[in-house]
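What the sequence shown shows, in the working numbering, is residues 85 to 218, in sequence order. By construction, the Cβ of each residue, glycine as well, lies at the ideal position given by its N, Cα and C atoms. In this text the structure is predicted, and so the values were computed from the model without any measurement. Comments concern the structure below.
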Amino acid sequence: MRAPAETDASRGAPEGAAPLGGAQAAREAGSCSGAGLWPVPRARAFLLRRAAGWAGRLAQAEELPLEGALGRVLAEGVSAPGDLPPWDVAAMDGYAVAWEALRRAGGRLPLRGRAAPGQPPGELAEGCAARIFT
Numbered sequence: 085m086r087a088p089a090e091t092d093a094s095r096g097a098p099e100g101a102a103p104l105g106g107a108q109a110a111r112e113a114g115s116c117s118g119a120g121l122w123p124v125p126r127a128r129a130f131l132l133r134r135a136a137g138w139a140g141r142l143a144q145a146e147e148l149p150l151e152g153a154l155g156r157v158l159a160e161g162v163s164a165p166g167d168l169p170p171w172d173v174a175a176m177d178g179y180a181v182a183w184e185a186l187r188r189a190g191g192r193l194p195l196r197g198r199a200a201p202g203q204p205p206g207e208l209a210e211g212c213a214a215r216i217f218t
């Protein structure tokens, strides 16, 4: 672990931590050089001290509606009870259109066709759109 760019004790940086000086200093020093690297025990202790500060804030967790959670941090992991949809599908479903017909129609065309796996749609009707399922 490289020394943090800040040595402010209130932020949990160990005494004597050498400032890195940003990406430019890292490039000049050589990203694989040993200069500025901490031994594993020192880096671990630093990370544990920082995490202890976060734990206090996580203890103050609250339930919020989704729209009130913007910019907030989750207090626990999120998991889904299952896949949705429950089968393998491609994420490329859409519509077939003739661009000029769409432009002439002001961006709206009647839906007059369907293409699904194993069911080709035939030709696209003039001035219409077709739904495509993959």
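Taking only the alpha-carbon atoms, compute the straight-line gap between residue i and residue j and give it to the nearest angstrom.
i: R66; j: R134; result: As shown, the chain starts at 85 and ends at 218. That puts residue 66 outside it, with no answer to give.
i: L131; j: I216; result: 51 Å
i: D167; j: P125; result: 41 Å
i: L150; j: G178; result: 29 Å
i: P170; j: S163; result: 15 Å
i: R188; j: A143; result: 59 Å
Less than 7 Å between the beta carbons of residue i and residue j, yes or no?
i: G152; j: A185; result: no
i: A214; j: L208; result: yes
i: A159; j: A136; result: no
i: T218; j: A174; result: yes
Starting from residue i, follow the alpha helix (DSSP H) in both directions and report where the run begins and ends.
i: R187; result: W183 to R188
Can you say whether residue i is buried or exposed, counting buried as having 16 or more other CB atoms within 10 angstroms of its CB?
i: L193; result: buried
i: A101; result: Per-residue confidence for A101 stands at a pLDDT of 49, beneath the threshold of 50, marking its modelled position as unreliable; no derived number is given.
Beta strand (DSSP E) containing residue i: first to last residue?
i: G197; result: L195 to A199
i: A213; result: A213 to I216
Once you ignore the five residues that flank residue i on each side, which residues in its own chain have a CB closer than 8 Å to its CB?
i: G206; result: G197
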